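Structure first, commentary second.
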Amino acid sequence: MENTTTSTTNEYTAITKNAIVSNTKLAFDLFLRNDVGGKARYILFCRADDHFSAKRQEELLSKNAEKLYIFKKDTDKYLLYQEENLKSIIDDKDKTSLEKSGALYQVAENITEALLANPKSGTHIERASTWVNNTVSHIVKNENTFSSLFEVTSHDYRTYSHSINMSVIGLLFGKYLSLNPHELDCLGTGLLLHDIGKVVVSPEIINKTSRLTKEEFDEIKKHPKAGLDILELKKNVDSLCLKIVAQHHENRDGTGYPYGLGGPDIHLFGSIARILDVYDAMTTNRPYAPAKRPFAALAEMKAEMLDCFDGELLKEFIWFLGAKDPRNKFRASDTLITSPSLSK
Ligand SMILES: [Fe+2]
Ligand SMILES: [Fe+2]
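Here it is as structure tokens:
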């Protein structure tokens with residue numbers, strides 16, 4: 001049943017060898033690659049719509065292929081397959097924590113891109129919340145998630161990668177704070193959606209690398225309320241998620257926006273989001289500033305921006321991250337970084 005095709009590499013794209021889950025239906029042709037005489041030959045291993053049984057999975061593993069291949073044009077189908085089978089990927093004992101974290105990140109990228117393109121779609125919001133569910137279960141079930149999830153977070157600041165980083169770090173921090181599963185779900189979803197209102201701000205302002213004028217900053221300041229307007233129309237978005245969208249730029253001393261709320265009027269989730277928002281922005285490469293080391297970012301937040309944050313919560317956040325540098329120093333390895341509370 002195996003077909004062989006010879007073709008130029010740009011028609012195919014590699015996917016990780018552990019991407020396929022047994023007992024699923026593939027939505028794309030799956031190939032193995034064989035290099036003969038300097039020419040790549042792609043051998044059809046499983047056809048689209050074929051049932052990928054456990055036996056086929058074994059057969060595939062026995063081939064010891066480093067990578068699997070699909071047609072480039074099937075990339076969207078593959079991403080959707082991954083999203084639909086995310087729960088099985090997370091539950092698969094044969095996949096490493098890093099592979100699971102990688103799949104989670106890739107799926108999140110796809111969802112957040114769709115969300116930003118069409119923020120009013122209820123379907124995309126549901127997809128976001130299902131993703132959070134799977135991420136929570138990954139975090140709860142696996143010991144290595146702290147390092148593996150940090151390892152897959154993005155170095156660059158773009159609205160979608162920033163939102164995924166926030167959600168991932170927020171869920172790990174939420175677990176450290178012993179939030180219950182419902183709270184974790186709301187925290188992760190709210191963080192993933194927190195900047196959704198940026199779709200009303202012109203891309204020239206969002207991507208501007210020089211200092212913003214007062215008028216431009218006033219435009220930016222509209223995004224929390226715009227996000228709230230978008231999400232309030234959806235009946236299935238929990239009010240805890242909305243707190244994050246509305247309050248992630250509120251400062252402890254009342255100098256934030258859009259409401260100028262102070263101290264106790266800011267919800268815990270708003271305060272968490274405020275810390276994470278600044279932390280992620282400082283520790284990723286922005287068009288106008290290189291990424292700071294986590295420790296330097298935390299030190300600056302504590303020394304120069306303390307009035308913006310809930311001081312006790314910032315202390316907890318620093319404890320949670322430890323004095324280590326998981327996003328840079330340990331990114332390339334799979335070292336488990338734990339604080340005493342995390343290892344409980
Ligand atoms: Fe924001
Ligand atoms: Fe943000």
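Mapped onto UniProt numbering, the consecutive letters of the sequence shown carry residue numbers 1 to 344. The beta-carbon is built from N, C-alpha and C at its ideal position, and this holds for glycine as well. Note that the structure is predicted; figures quoted are calculated from it, not measured.
{"query": "Cβ-Cβ separation, Ala14 to Tyr78 (assumed contact under 8 Å), whole Å", "result": "Contact doesn't hold; Cβ gap of about 11 Å is too wide."}
{"query": "Helix, strand or coil at Ala323 [DSSP, three-state]", "result": "In this prediction, Ala323 scores a pLDDT of 43, lower than 50, which makes its location untrustworthy; the coordinate-derived value is nonetheless stated afterwards. It is coil, neither helix nor strand."}
{"query": "Contacts around Ser101, its chain only, beta-carbon distance under 6 Å, and the 5 residues preceding and following it disregarded", "result": "Ser148, Leu149, Val152"}
{"query": "Which residues DSSP lists as bridging Lys67, in chain order", "result": "Thr16"}
{"query": "Lys72 classed as buried or exposed, judged by whether at least 16 other C-beta atoms fall within 10 angstroms", "result": "exposed"}
{"query": "Alpha-carbon to alpha-carbon, Cys186 and Asp238", "result": "7 Å"}
{"query": "Segment contact, 8 Å Cβ cut-off, at least three pairs: the stretch 42-50 with the stretch 17-30", "result": "yes"}
{"query": "8 Å Cβ shell around His124 - same chain, five flanking residues per side excluded", "result": "Ile111, Ala114, Leu115, Asn118"}
{"query": "Backbone CA spacing between Phe269 and Lys141 [nearest angstrom]", "result": "24 Å"}
{"query": "Selection from Val21, Glu316, Asn34, Arg274 that minimises the alpha carbon distance to Phe309", "result": "Arg274"}
{"query": "Thr283 and Asp156 closer than 7 Å at C-beta", "result": "no"}
{"query": "Distance between Val36 and Phe173 (C-alpha atoms, nearest Å)", "result": "50 Å"}
{"query": "Three-state secondary structure assigned by DSSP to Phe173", "result": "helix"}
{"query": "Closer than 6 Å: Asp50 CB and nearest ligand 2 heavy atom", "result": "no"}
{"query": "Quiz: which residues have CB nearer than 6 Å to ligand 2 non-hydrogen atoms", "result": "His162, His194, Asp195, Asp277"}
{"query": "Nearest to Ile139 (by Cα), restricted to the options Leu184, His162, Lys120, Thr159", "result": "Leu184"}
{"query": "Length of the line joining the Cα atoms of Ile89 and Ala103", "result": "8 Å"}
{"query": "Of the residues Ile244, Ala246, Ser271, the one placed nearest Asp253, counting alpha carbons only", "result": "Ser271"}
{"query": "Spatial neighbours of Asp92 in its chain, beta-carbon cut-off 7 Å, leaving aside the 5 residues before and after", "result": "Val21"}
{"query": "Endpoints, the beta strand (DSSP E) within which Val36 is located", "result": "30-36"}
{"query": "Per DSSP, cross-strand counterpart(s) of Leu44", "result": "Phe31"}
{"query": "Burial state of Lys25, where buried means 16 or more other Cβ atoms lie within 10 Å", "result": "exposed"}
{"query": "With 16 other Cβ atoms within 10 Å as the buried cut-off, status of His249", "result": "buried"}
{"query": "Below-7 Å beta-carbon distance, Leu80 vs any chain C residue", "result": "Of the protein chains in the structure, only one exists, and it is not chain C."}
{"query": "Start-to-end residues for the alpha helix (DSSP H) that takes in Ala117", "result": "97-117"}
{"query": "Segment contact flag, the stretch 299-306 with the stretch 216-224, C-beta cutoff 8 Å, min 3 pairs", "result": "no"}
{"query": "Coarse secondary structure for Asn285, derived from DSSP in three states", "result": "strand"}
{"query": "Rounded separation between Lys315 and Asp229 - CA only", "result": "33 Å"}
{"query": "Top-ranked residue by Cα proximity to Gly170, from Leu233, Ile244, Glu109", "result": "Ile244"}
{"query": "Same chain, Cβ closer than 6 Å to Gly260, five either side skipped, listed in chain order", "result": "Gly254"}
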